[in-house]
Each structure stands twice: as C-alpha cells, then as structure tokens.
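**Q**
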Amino acid sequence: MIEIPKTYDPTEAEQNHYARWEERGYFAPEINKDPSAPVFSIVIPPPNVTGSLHMGHALQHTMMDVLTRYKRMSGFRTLWLPGMDHAGISTQLMVTRQLKKEGLSRHDLGREKFVERVWQWKQEYGGQILKQIRREGASVDWSRERFTMDEDLSRAVREAFVRLYDDGLIYRGNRIVNWCPNDQTVLSDLEVLREPQKGKLYYLRYPFKSGSGSITVATTRPETMLGDTAVAVNPTDERYKELVGQTLILPLMNREIPIVADDFVESEFGTGAVKVTPAHDPNDYEMGVRHNLEQITVIDQFARMTEAAGAEFAGMDRYKARELVVEKLEELGLLEKVVDYEFAISKCERCKTVIEPLTSTQWFCRMDSLRDRALAKLRVDGTPRFGPQVPYEKVYADWLENLRDWTISRQLWWGHQIPAWYTADGKIIVARSFEEAKLTAGTDELTQDPDVLDTWFSSALWPFSTLGWPDETDDLKTFYPTTVLVTARDIIFLWVSRMMMTGLRFMGQEPFADVYVTGTVLDKHGQRMSKTKGNGVDPLEVFEKFGVDATRLTLASVGSTDTRWSERQVESYRNFANKIWNATRFCLMNSDGAESVADPFAGDLPLHDRWILSRLNKTARDVNEKLAQYEFHGVVQTLYHFFWDDFCDWYIELSKATMTAETDSPERRTARARLISVLEQSLRLLHPFMPYLTEELWQKLPVDHSQLLHPAYAGAEPTIMLASFPQCDDALVDERAEAEMQAVIDLVSRVRNIRAEMSIKPGEQIQVMIAANADLQTVFTASADQIARLTRSDVSIDGNAEMPRASARAVLTGGAEVAVPLEGLIDFGQERERLLKEKEKLQKEGEKLDAQLSNQEFVERAPAEKVEGLRARLADIAQRTTALDQMLEALS
RNA sequence: GCCCGCUUGGCUCAGUGGUAGAGCACUCGCUUCACACGCGAGGGGUCACAAGUUCGAAUCUUGUAGCGGGCACCA
Numbered sequence: 003m004i005e006i007p008k009t010y011d012p013t014e015a016e017q018n019h020y021a022r023w024e025e026r027g028y029f030a031p032e033i034n035k036d037p038s039a040p041v042f043s044i045v046i047p048p049p050n051v052t053g054s055l056h057m058g059h060a061l062q063h064t065m066m067d068v069l070t071r072y073k074r075m076s077g078f079r080t081l082w083l084p085g086m087d088h089a090g091i092s093t094q095l096m097v098t099r100q101l102k103k104e105g106l107s108r109h110d111l112g113r114e115k116f117v118e119r120v121w122q123w124k125q126e127y128g129g130q131i132l133k134q135i136r137r138e139g140a141s142v143d144w145s146r147e148r149f150t151m152d153e154d155l156s157r158a159v160r161e162a163f164v165r166l167y168d169d170g171l172i173y174r175g176n177r178i179v180n181w182c183p184n185d186q187t188v189l190s191d192l193e194v195l196r197e198p199q200k201g202k203l204y205y206l207r208y209p210f211k212s213g214s215g216s217i218t219v220a221t222t223r224p225e226t227m228l229g230d231t232a233v234a235v236n237p238t239d240e241r242y243k244e245l246v247g248q249t250l251i252l253p254l255m256n257r258e259i260p261i262v263a264d265d266f267v268e269s270e271f272g273t274g275a276v277k278v279t280p281a282h283d284p285n286d287y288e289m290g291v292r293h294n295l296e297q298i299t300v301i302d303q304f305a306r307m308t309e310a311a312g313a314e315f316a317g318m319d320r321y322k323a324r325e326l327v328v329e330k331l332e333e334l335g336l337l338e339k340v341v342d343y344e345f346a347i348s349k350c351e352r353c354k355t356v357i358e359p360l361t362s363t364q365w366f367c368r369m370d371s372l373r374d375r376a377l378a379k380l381r382v383d384g385t386p387r388f389g390p391q392v393p394y395e396k397v398y399a400d401w402l403e404n405l406r407d408w409t410i411s412r413q414l415w416w417g418h419q420i421p422a423w424y425t426a427d428g429k430i431i432v433a434r435s436f437e438e439a440k441l442t443a444g445t446d447e448l449t450q451d452p453d454v455l456d457t458w459f460s461s462a463l464w465p466f467s468t469l470g471w472p473d474e475t476d477d478l479k480t481f482y483p484t485t486v487l488v489t490a491r492d493i494i495f496l497w498v499s500r501m502m503m504t505g506l507r508f509m510g511q512e513p514f515a516d517v518y519v520t521g522t523v524l525d526k527h528g529q530r531m532s533k534t535k536g537n538g539v540d541p542l543e544v545f546e547k548f549g550v551d552a553t554r555l556t557l558a559s560v561g562s563t564d565t566r567w568s569e570r571q572v573e574s575y576r577n578f579a580n581k582i583w584n585a586t587r588f589c590l591m592n593s594d595g596a597e598s599v600a601d602p603f604a605g606d607l608p609l610h611d612r613w614i615l616s617r618l619n620k621t622a623r624d625v626n627e628k629l630a631q632y633e634f635h636g637v638v639q640t641l642y643h644f645f646w647d648d649f650c651d652w653y654i655e656l657s658k659a660t661m662t663a664e665t666d667s668p669e670r671r672t673a674r675a676r677l678i679s680v681l682e683q684s685l686r687l688l689h690p691f692m693p694y695l696t697e698e699l700w701q702k703l704p705v706d707h708s709q710l711l712h713p714a715y716a717g718a719e720p721t722i723m724l725a726s727f728p729q730c731d732d733a734l735v736d737e738r739a740e741a742e743m744q745a746v747i748d749l750v751s752r753v754r755n756i757r758a759e760m761s762i763k764p765g766e767q768i769q770v771m772i773a774a775n776a777d778l779q780t781v782f783t784a785s786a787d788q789i790a791r792l793t794r795s796d797v798s799i800d801g802n803a804e805m806p807r808a809s810a811r812a813v814l815t816g817g818a819e820v821a822v823p824l825e826g827l828i829d830f831g832q833e834r835e836r837l838l839k840e841k842e843k844l845q846k847e848g849e850k851l852d853a854q855l856s857n858q859e860f861v862e863r864a865p866a867e868k869v870e871g872l873r874a875r876l877a878d879i880a881q882r883t884t885a886l887d888q889m890l891e892a893l894s
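Residue numbers in the first sequence follow my numbering, run continuously in steps of one, and reach 894 at the last position.
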C-alpha cells in the first residue's frame with residue numbers, strides 16, 4: 003500500500019519536475035525520434051527584456067503551453083521557441099535613469115560606453131521574466147532561446163533592411179512626424195495615443211494686406227500661428243469664395259500669407275477658415291505640399307520656440323509661448339473670442355508626453371506592396387485564420403487597407419543601428435556591413451547613420467530570424483511557417499500584421515497559419531490591469547497561494563473573452579487539483595495486486611466499467627476536437643466534470659465494494675487495475691493544463707510507464723509529458739451503457755432525495771423496493787449491490803411486489819417505481835404533499851408538450867425525430883402521472 | 001463621427017433555433033473506512049428592452065438602452 007499526504011501541496015511538485023524535464027531535453031524537438039512526425043511550432047511573443055511577468059503573459063503562455071504539450075503528447079515534432087525583445091525605448095530609459103542616479107547623462111558616457119552599459123544592465127537585471135516563464139511550467143526549448151539584439155538576429159535585421167532598401171521600399175525623407183520631446187525620438191503612428199483633452203478654441207483675426215477687415219480662424223494651438231504660411235478655406239464656401247488668392251498679414255510676424263482653397267477644410271467647423279502651419283501639423287503639412295507653401299519651423303525638438311518664431315519667443319516653452327501669443331493678440335484686438343473645447347491630443351504611448359508634430363528627416367518603410375500581399379493572402383487563402391474570426395479578421399483587414407508609411411528610424415542608441423553610411427559629399431550607402439559599404443563607396447571616409455531601428459522592425463522578423471534566416475538552416479526549413487500565434491489583441495497591428503507582411507516578403511510564406519487572440523484579464527471592477535492604476539494581480543503571488551496548475555486552469559478558462567479576475571475561481575481549481583490528488587491517493591491506497599493484471603478491460607465488463615470507458619473516450623474525443631478549435635474554456639469544463647462527476651462521484655463509488663475488499667482476489671486485482679487505468683488516462687488528458695500535478699501523480703502510479711510513451715519517444719526516460727495523448731476509441735463508446743447507467747444514477751439520486759426529505763438519519767439502514775419493466779429490472783438487478791451500497795439500504799427488486807402503503811414513493815423515467823417503507827415514521831399528509839408537488843411538476847411539463855404536439859404546423863414541419871422525441875416524453879410523463887395517481891389514491 | 005463586442009440565477013462566466021448550465025455564494029443534513037480544498041440533498045433565472053422572421057427564438061434580423069473596446073486629419 004502506498005500512502006501520500008491528505009492534501010496536495012503544489013510546492014514540491016513545482017520544484018521537482020521542471021529542471022528534470024529541461025535537463026533531459028524533453029522540451030526540444032530532438033526528443034522526437036520519428037522522422038516522419040508532423041511538425042508543430044510556435045514562437046513566443048518576445049517579452050521585453052525590461053519586463054516582468056504579468057497576468058497577460060501568464061494567460062498567453064498557459065494557452066501556448068497547453069497547445070505545445072498537447073501536440074507533443076500527440077507525437078508531433080514540437081518546438082516552442084522562447085526569447086526576449088530588446089525593447090529600445092524602455093530599456094534605454096531604464097539605463098538612463100540608472101545613470102541619472104550617478105549624476106550622469108548618456109551623453110557623458112558617449113554612445114559606445116552607453117551601449118556597453120546597457121548590455122551590462124541586461125546581464126544584471128534583464129530577463130527576470132525568463133525565470134518566471136520557467137515557474138509557469140512553460141515547455142519552451144531553452145536551447146533555442148533568442149534575443150533580438152543577438153548577432154544572428156541583428157544580421158537578419160540588416161539583411162531585411164538592405165533588401166527592402168534595394169527594392170525601393172525603404173527610403174529616407176523629410177516629412178512631418180510624431181516627435182516625443184521627452185524621449186527625444188520620433189515615433190510611429192502606432193506608438194502614439196489619442197486622448198481626449200479639455201482645452202480652448204481660440205478665434206484669431208488675421209487682417210487683410212489691403213488694410214481693411216480681417217478673416218477669423220479658429221485654433222487650439224495659438225502658438226503655432228508664428229509658423230503659419232497660409233489660411234485655407236473650402237473652395238465651395240460662399241462666404242470666402244471671393245477672398246481666395248488675397249493676401250493677409252500674419253499678426254506678430256508681419257508676414258504676408260495667402261488665402262488658399264482646399265477641400266480638407268470643413269466649412270461647418272469654427273469659422274470655416276483654417277490657419278495653415280505646415281511644419282507643425284500633419285494636415286497642414288499635406289495642405290502645404292498641395293499648395294507649395296513654405297514650412298517654417300517655430301518649435302524645436304525640445305518643444306521650445308525657435309529663432310524663426312521671433313526674438314521675443316525664441317527659446318520659450320511652447321505653452322508659455324501660447325500664453326504670450328494670446329496676450330499679445332488680445333492687446334492688438336485680434337483675439338475675437340476663446341471658447342471651451344474638448345479635443346483629442348496625441349501623447350507618447352510610453353511617457354505620456356504631448357507629442358509635437360515636427361518636420362524631420364527620417365527613414366520610412368513604404369507599406370503598399372507589403373500590405374497588398376498580406377491582404378491578398380487573407381482574401382485568397384483565408385490566412386491567417388483568426389480565432390475568434392469575429393471581430394479580428396475585419397479589424398486586421400481594415401487596418402491594412404488604411405495603412406500609411408511606417409517611420410522606422412528612432413533617435414536612440416539602444417537598438418539596431420541603421421545600416422546606412424554617408425560619404426563626405428552626402429551620398430547614402432546602404433549595406434550589410436561597414437566592409438560592404440566601403441567597397442561600394444570606394445572610400446572608408448564614411449559616417450554611419452546614428453539612428454537605430456524601431457524595436458518592432460526586428461520583432462517583425464521574429465518567426466524566421468529566430469530560426470536562422472537569412473541562412474537556409476534546418477530549423478528554418480523544418481519549423482517555418484509556424485503553426486499558430488497566440489497573442490493579445492493590442493499588438494495585432496504593431497506585431498502580427500508586420501510579421502505577416504515581412505514573412506510573405508522574405509520567406510514567400512505566411513509566418514503562421516492561425517492567430518489566436520486571447521481575452522483580457524480585467525480587475526474585479528472590470529478595469530484593465532495597469533501599472534499606473536496599481537490594480538494588477540501578480541501571477542507569481544497567485545502561483546504561491548494556489549499553485550501553478552490551478553492558476554493555469556483559471557487562465558485557460560478565460561479563452562478569448564475578457565474576464566474579471568476572481569480569486570474564488572482559482573480557489574475552486576485549487577480544490578479540483580486537491581480532488582485529483584485525493585482520488586489518486588485512494589487508488590494508491592488500494593493498488594496492491596493491480597500491476598499483475600495484464601489487460602484490465604479484457605472480457606465481459608460490468609455496466610459501470612462499460613460506462614466509464616464510454617465516458618472516458620467521449621471525453622477524449624471532445625478534448626481533441628475542442629483543442630483543434632482553440633476552445634480552451636470548453637476543454638477545461640469537460641475535463642473538470644468528467645473527472646469530478648463521472649470518475650470520482652460515480653465510478654470510484656461504484657467500484658469501491660470490489661476494490662476495497664478485505665482479501666485479495668482476481669476480482670479485486672482487476673477492479674484496482676481498471677480504476678488505475680482510467681485514472682492514468684485522465685491524468686494524461688489533464689497534463690497539458692496541469693503539468694506539475696499530473697507528472698507528480700503519474701510517476702507514482704503502479705503502471706508500466708515506458709509502455710505508455712508515445713511511439714515517437716520510445717526509449718525516453720518515462721514522463722507523462724511524452725506519454726500518448728488519449729484518443730477516442732469509437733469501439734468503446736457505448737450509448738446503451740450510458741443510458742442504463744443513467745437509470746441507475748437517477749434511481750440512487752431519487753432514493754437519496756427521499757432520505758433527505760424524510761429526514762432519515764444518514765447512518766440508518768432502509769428498505770428500498772423497486773418495481774420496473776423487464777429491461778430496467780435486469781439493469782437494476784445487475785447493479786443491486788451497488789445501489790444498496792450507495793443508498794445504504796436493503797434492496798429488493800420485484801416487478802409484482804405490493805408496495806406497502808406506509809412508504810415514501812417515487813416514479814422514475816421509464817416506468818420504474820421505488821418505495822421506501824417507513825412504517826410508523828411516515829406522515830401521510832406530508833407524503834401526499836410531496837407526491838402532489840411531483841405530479842404538478844410533471845403536469846406542467848406535460849401541458850407544454852401537449853400544446854406543442856397539438857400544434858398541427860409543428861407536427862408537420864418539425865423534423866420527425868423531434869416530434870417523436872416529444873411524443874415519447876409525453877408518454878413517459880403520462881405513465882408516471884398515472885403511477886403517481888395510484889400512489890396518491892392509496893394514501894387517501 | 002465610423003466600426004465592433006458585451007448585456008444569462010447574488011457573483012464570475014459557459015452555452016445553444018426545439019424541455020435554461022457550471023463554479024462560487026445560499027439552505028438543509030453529514031467526522032459515510034480518498035478528499036470538510038470534502039460528501040449527500042435542495043432553493044434560485046419571463047437569458048437587458050421592443051418589434052420582426054419561424055411551427056418554434058434566450059439563440060437569427062432590426063431598432064433602443066447601458067457598459068466596454070477599436071479606428072478617425074475636423075483646425
């Protein structure tokens with residue numbers, strides 16, 4: 003007899019197994035020895051090197067690990083590739099802050115020293131998250147861990163850049179861009195947040211050059227008027243039609259500016275006349291290009307006014323300048339009015355500083371051809387297949403359709419420096435290396451572009467750069483395209499779409515077939531968890547409190563819908579883990595002799611064994627089908643109820659008499675072996691979700707572990723990780739056994755109900771008399787001992803027996819009747835009440851069915867089997883009602 | 001402004017054109033020889049609202065309301 007503690011303590015299992023799995027190479031695809039094995043691969047969305055684990059990671063990693071472990075057990079050559087992102091801005095900020103504490107700026111160190119310092123920082127503090135990923139139980143292949151700044155990945159970045167440049171997709175240009183005055187870098191449109199902002203709308207008067215009158219424009223940013231080079235009106239606006247082409251005098255600057263006509267202007271807004279500041283507003287920039295207007299930069303990269311804004315303003319902060327401009331215009335009588343106004347303002351996604359639109363020379367990536375290919379892939383092949391398809395496929399397609407050029411350069415030091423060099427006379431040489439650039443230029447007097455690439459540029463290459471691209475490595479050939487990408491919805495544009503575009507461009511194939519978008523774990527009030535709000539729940543604390551496996555079940559249940567965090571939920575899965583532990587404990591306590599049974603389910607089987615095999619195989623079928631559809635929530639429900647309800651509540655109880663018999667016997671050994679076999683298969687089904695608990699218990703079972711390994715892993719040191727994932731054996735699905743077992747379950751439940759309602763003491767032995775039709779009588783007779791045990795009664799089954807008047811009675815589906823004789827204990831009035839209540843319930847249902855069946859149209863149009871089903875139910879109800887009537891009569 | 005999602009028992013969520021589900025919470029009874037992180041028995045919902053399609057709608061359509069999200073160049 004093997005005895006384990008009464009309560010599952012996750013800590014031990016969590017400490018025991020991970021290192022062993024990793025050391026033995028179970029995570030690496032090489033463990034699979036079947037040369038013809040199908041391939042499953044998945045790349046981790048690389049977490050930031052600065053990051054630490056949050057609920058979103060834990061959620062995604064759980065789902066990825068479930069899929070990976072499931073496929074591995076199913077015999078796939080499985081790779082889940084881990085790694086990290088260098089996270090340009092975040093990391094640079096982190097180190098800059100560290101330097102600041104030492105009283106230094108990055109400029110004090112210089113670029114080279116600073117970058118060295120960042121690497122040092124990474125060495126010391128970076129990658130916390132990698133340890134945390136281990137804690138989650140994630141079966142990633144650490145031997146293939148990658149970092150976006152690794153030399154081989156950097157080479158891939160340069161290669162991609164050069165190819166895109168050579169094909170004319172990357173260009174350098176002077177355009178208006180999003181500038182963060184705090185981070186001192188340009189940002190792409192996706193890194194800019196739009197937030198509603200309460201502000202003011204200022205109405206300014208610009209006088210005509212002719213000397214009389216003025217035109218009024220409305221603006222939220224009066225300080226930019228210093229850089230105005232035109233006023234625009236809609237060409238169809240009757241009010242201004244004749245003024246187009248006239249000249250205005252820009253106040254304060256005394257600059258002559260024209261009135262131009264442009265469709266962009268909405269006549270209904272403000273005064274219908276717009277001041278145009280091409281250097282400081284994206285729309286005005288476009289208008290400026292259309293009308294060939296001068297760009298006058300009046301705000302610099304520190305958000306201060308420039309010389310061009312005039313001596314009085316030069317060097318002044320933009321908001322101070324705003325006050326001064328307003329003040330001066332008011333003095334001049336040129337401020338018509340100021341009204342409260344709410345508008346959207348652009349902020350830096352990272353530091354929340356208000357973005358300053360500036361014209362600047364940057365590197366851009368032209369997206370149209372990349373986009374067209376991705377859209378074609380979606381429309382022609384339906385790739386990627388989004389899960390859930392609604393709404394993500396549309397969101398993805400809409401975004402692609404409206405895609406604009408991508409600003410890819412960043413004014414940072416940490417990142418992939420742009421592989422472009424300039425000759426002394428300003429010629430641009432784009433090359434894979436300095437050596438190559440020198441050859442092309444014919445000189446070594448070259449200066450490399452100081453900018454680095456957007457972090458997302460290297461992330462976009464992740465599914466193939468991590469596998470060795472641009473070299474044609476075995477890994478690349480084997481694992482690309484990957485099978486599925488699991489991610490949160492907020493990076494569909496930033497990352498998913500870009501991987502798709504670069505994958506199609508460089509590999510000629512999509513980087514992943516499926517995209518599974520997870521839901522979001524919200525706090526208990528339905529708010530997004532965020533650092534600034536401080537409402538996040540730390541997954542590590544939850545692991546600590548309830549165990550990793552319970553947390554994983556909770557997270558897997560989230561699936562693709564947003565869900566509020568509930569600790570109760572984790573607690574209930576913790577209880578489930580304990581239930582599994584104890585069921586195993588019971589099996590182990592009664593396992594002697596089991597190992598000697600060669601084939602536990604050979605020969606004719608009693609009902610409960612046929613039933614559990616049917617339930618088990620249906621469960622396996624369900625789980626396999628649902629996992630193929632990424633229905634994580636449904637799989638968890640299926641497993642939970644199979645294990646707890648079917649296996650624990652019924653199968654174990656039904657088997658107890660035999661398996662806990664005092665003395666050894668072939669029957670006892672067989673019963674024990676059967677129980678252990680079903681348990682063992684259940685553990686395998688549960689393993690992808692609960693890796694630690696299942697491994698811990700599986701190892702303890704008295705079974706021949708090596709026989710259970712999937713053939714692809716034959717010869718490996720046994721682990722449940724490499725055991726075959728159960729498949730449904732259709733021959734074992736037995737509907738008849740399920741129906742018969744259901745009758746037994748109903749019978750037992752009804753007797754227990756009588757016990758409870760009649761307040762019969764739990765320990766008290768009762769009589770149960772059963773009368774049933776021939777079929778059911780056979781079933782009940784075969785299970786009589788079990789019925790007796792489960793209801794604590796002496797059971798007699800006789801189709802013709804007279805039921806004593808003084809009994810509590812019940813009528814079951816199929817026409818079986820039960821009586822519990824209670825001579826002297828029964829209150830006839832109370833029993834009548836009980837039966838009447840029962841009859842009423844039946845009648846209600848009967849009436850509903852009757853109404854439906856007497857509807858001619860229903861009978862004609864509904865499927866015949868539907869109608870038949872209802873008729874059968876109605877007949878059953880009628881029969882039971884009659885039986886109840888007889889009982890009631892006997893009582894009166 | 002445009003687009004989308006959600007609204008099911010007290011709470012958190014499944015679900016589906018044909019008799020409303022789970023977990024937790026609640027009530028009653030249990031130291032029944034695996035488990036009180038448990039066992040047994042219960043109570044509780046006109047599936048947001050309105051109209052429509054249908055033999056039949058909580059499930060499909062449209063509209064309304066509340067909540068949430070995404071996109072957007074109205075100064």
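Yeah, the Cβ is synthetic: ideal placement off N, Cα and C, and Gly gets one too.
Small disclaimer: the values here were computed from a predicted structure and weren't measured.
1) Please find out if some non-hydrogen atom of the ligand NAD comes closer than 7 angstroms to the beta-carbon of residue 547.
2) Between which two residues does the alpha helix (DSSP H) carrying residue 589 extend?
3) Please state the DSSP three-state secondary structure of residue 12.
4) Cβ of residue 86 within 8 angstroms of Cβ of residue 42?
5) Do the region 370-389 and the region 343-353 make contact, defined as three or more Cβ pairs closer than 8 angstroms?
6) Which word fits residue 127, buried or exposed, when buried means at least 16 other C-beta atoms lie within 10 angstroms of its C-beta?
7) Examine the Cβ distances between the region 277-292 and the region 151-161 and report whether three or more of them are shorter than 8 angstroms.
8) Which runs of the beta strand (DSSP E), 3 residues or longer, sit entirely within the region 51-103?
9) At what residues does the alpha helix (DSSP H) containing residue 1 begin and finish?
10) Does the region 173-189 come within contact of the region 358-368, defined as at least 3 CB pairs closer than 8 angstroms?
11) Just checking, does the region 242-259 make contact with the region 185-199 on the three C-beta pairs under 8 angstroms criterion?
12) Buried or exposed: which applies to residue 843, given that a residue is buried once 16 or more other Cβ atoms fall within 10 Å of its Cβ?
13) In the structure shown, what three-state DSSP assignment does residue 342 receive?
14) Between the C-alpha atoms of residue 533 and residue 55, what's the straight-line distance to the nearest angstrom?
15) With DSSP as the reference, please indicate the residues paired to residue 823 in a beta bridge.
16) Write down the C-beta distance between residue 649 and residue 741 rounded to the nearest angstrom, noting that I regard them as a contact closer than 8 angstroms.
17) For residue 350, list the residues DSSP reports as bridge partners.
18) Name the residue from 253, 807, 718 whose alpha carbon lies nearest to the alpha carbon of residue 893.
19) Please give the ranges of any beta strand (DSSP E) in the region 267-349, keeping only runs that are unbroken, at least 3 residues long and fully inside the region.
20) With DSSP collapsed to three states, give me the class of residue 246.
21) At the level of alpha carbons, what is the spacing between residue 19 and residue 441?
22) From residue 565 to residue 529, what distance separates their C-alpha atoms?
23) If you count every other CB in all the chains shown that lies within 10 Å of the CB of residue 662, and 16 or more means buried, which is it?
24) Quick one: what's got a C-beta closer than 7 angstroms to residue 655's C-beta in the same chain, skipping five residues either side?
25) Would you mind stating whether residue 735 and residue 616 have Cβ atoms separated by less than 8 angstroms?
26) If distances are taken between C-alpha atoms only, which option among 443, 349, 493, 166 comes closest to residue 367?
27) Which whole-angstrom value describes the C-beta separation of residue 336 and residue 253, a residue pair presumed to lie in contact below a C-beta threshold of 8 angstroms?
28) Pull up the CB-CB distance for residue 578 and residue 646, whole angstroms please, since I reckon it's below 8 angstroms.
29) Are the beta-carbon atoms belonging to residue 471 and residue 524 less than 8 angstroms from one another?
30) Among 237, 65, 478, 233, which residue has its Cα nearest to the Cα of residue 249?
31) Looking at C-alpha atoms only, which residue of 239, 266, 265, 293 is the closest neighbour of residue 259?
32) What ranges does the alpha helix (DSSP H) occupy inside the region 646-678, keeping only unbroken runs of at least 4 residues that lie completely in it?
33) Three-state secondary structure (DSSP) at residue 621?
34) Taking 8 angstroms as the threshold (C-beta atoms), are residue 678 and residue 739 in contact?
**A** The relevant details are as follows:
1) Looking at this structure, you won't find the ligand NAD or any other ligand, since it has none at all.
2) Here residue 589 refers to the residue found at position 587 when the first sequence is read from its first residue. Counting along the chain, the alpha helix (DSSP H) containing residue 589 begins and ends at 569-591.
3) Counting from one through the first sequence, the residue named residue 12 turns up at place 10. Here residue 12 sits in helix by DSSP.
4) Against the first sequence, residue 86 aligns to sequence position 84. Against the first sequence, residue 42 aligns to sequence position 40. No, these two residues do not count as a Cβ contact at 8 angstroms.
5) Flag = no, the region 370-389 and the region 343-353 do not touch.
6) Here the question's residue 127 lines up with position 125 in the first sequence. Exposed is the call here.
7) Under the three-pair Cβ rule at 8 angstroms, the region 277-292 does not count as touching the region 151-161.
8) Complete beta strand (DSSP E) runs here, min 3: 79-83.
9) With the chain covering 3 to 894 only, the question about residue 1 has no answer from this structure.
10) Contact holds: three or more Cβ-Cβ distances are below 8 angstroms.
11) When C-beta atoms of the region 242-259 are compared with those of the region 185-199, fewer than three pairs fall below 8 angstroms, so the two segments do not count as touching.
12) Working through the first sequence from its first residue, we reach residue 843 at position 841. Counting C-beta atoms within 10 angstroms of its own C-beta, residue 843 has fewer than 16 neighbours from the protein chains shown and is therefore classed as exposed.
13) Here residue 342 corresponds to residue number 340 of the first sequence, with the count starting at 1. The answer is strand: DSSP assigns residue 342 an E or B state.
14) Position 531 of the first sequence, counting from 1, holds the residue named residue 533. Position 53 of the first sequence, counting from 1, holds the residue named residue 55. Approximately 12 angstroms, taken between the alpha carbons.
15) The residue given as residue 823 occupies position 821 in the first sequence. Bridge partners of residue 823: 809.
16) As a working mapping, residue 649 is identified with position 647 in the first sequence. As a working mapping, residue 741 is identified with position 739 in the first sequence. Not really, about 19 angstroms apart at Cβ, beyond 8 angstroms.
17) Counted from its first residue, the first sequence places residue 350 at position 348. The partner list for residue 350 (beta bridge, DSSP) reads 194.
18) Your numbering for residue 893 matches position 891 in the first sequence. The shortest Cα separation from residue 893 among 253, 807, 718 belongs to 807.
19) Counting only runs of 3 or more, we get 275-278.
20) Taking the first residue of the first sequence as position 1, residue 246 is located at position 244. Here residue 246 sits in coil by DSSP.
21) Numbered from its first residue, the first sequence carries residue 19 at position 17. Numbered from its first residue, the first sequence carries residue 441 at position 439. Straight-line Cα distance between these residues: approximately 55 angstroms.
22) Taking the first residue of the first sequence as position 1, residue 565 is located at position 563. Taking the first residue of the first sequence as position 1, residue 529 is located at position 527. Residue 565 and residue 529 have their C-alpha atoms roughly 10 angstroms apart.
23) Residue mapping note: residue 662 aligns to position 660 of the first sequence, counting from 1. It is exposed - the Cβ of residue 662 has fewer than 16 other Cβ atoms within 10 Å.
24) Position 653 of the first sequence, counted from the start, is the residue given in the question as residue 655. 792, listed in sequence order.
25) Taking the first sequence and counting its residues from 1, one reaches residue 735 at position 733. Taking the first sequence and counting its residues from 1, one reaches residue 616 at position 614. Going by C-beta atoms, residue 735 is nearer than 8 angstroms to residue 616.
26) For the purposes of this step, residue 367 is taken as residue 365 along the first sequence, with counting starting at 1. Closest in C-alpha terms to residue 367, from the list 443, 349, 493, 166, comes 166.
27) As a working note, residue 336 is residue 334 in the first sequence. As a working note, residue 253 is residue 251 in the first sequence. Their Cβ separation, rounded to whole angstroms, is 5 angstroms, which keeps residue 336 and residue 253 in contact under 8 angstroms.
28) The sequence position of residue 578 within the first sequence is 576, counting from 1. The sequence position of residue 646 within the first sequence is 644, counting from 1. Yes, they are in contact, since the Cβ atoms of residue 578 and residue 646 sit about 7 angstroms apart, within 8 angstroms.
29) Residue numbering aside, residue 471 sits at position 469 when the first sequence is read from its first letter. Residue numbering aside, residue 524 sits at position 522 when the first sequence is read from its first letter. Not a contact, by the Cβ cut-off of 8 angstroms.
30) As a working mapping, residue 249 is identified with position 247 in the first sequence. For residue 249, the nearest C-alpha among the options comes from 233.
31) Your numbering for residue 259 matches position 257 in the first sequence. The option with the nearest alpha carbon to residue 259 is 293.
32) Qualifying alpha helix (DSSP H) stretches, in chain order: 655-661.
33) Locating residue 621 in the first sequence gives position 619, counting from the first residue. The three-state secondary structure of residue 621, taken from DSSP, is helix.
34) On the first sequence, position 737 is the one that residue 739 refers to. On the first sequence, position 676 is the one that residue 678 refers to. Taking 8 angstroms as the Cβ cut-off, residue 739 and residue 678 do not qualify as a contacting pair.
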